[in-house]
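Per the numbering used here, numbering of the sequence shown is gapless, rising by one per residue and ending at 265.
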Amino acid sequence: DMCKAVDRGMVMGNVKLLEKHGGKSGDWVAGTA
């Protein structure tokens, strides 16, 4: 959403989620079981 505010035609590549917090499934960190 933040990128969309700058340029709606933006193309992003090589994106990797490293961690997330909150939401229905809770917290998550890449590389942990």
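Glycine included, C-beta positions come from ideal geometry on N, C-alpha and C.
For residue i, three-class secondary structure by DSSP
i    : result
K256 : coil
V247 : coil
M242 : coil
Spatial neighbours of residue i in its chain, beta-carbon cut-off 7 Å, leaving aside the 5 residues before and after
i    : result
A237 : none
V261 : E251
Expected contact under 8 Å - CB spacing of residue i and residue j to nearest Å
i    : j    : result
D259 : K252 : 7 Å
Bridge-paired residues (DSSP) for residue i
i    : result
V261 : E251
Own chain residues within Cβ distance below 6 Å of residue i, not counting five before or after
i    : result
C235 : M242
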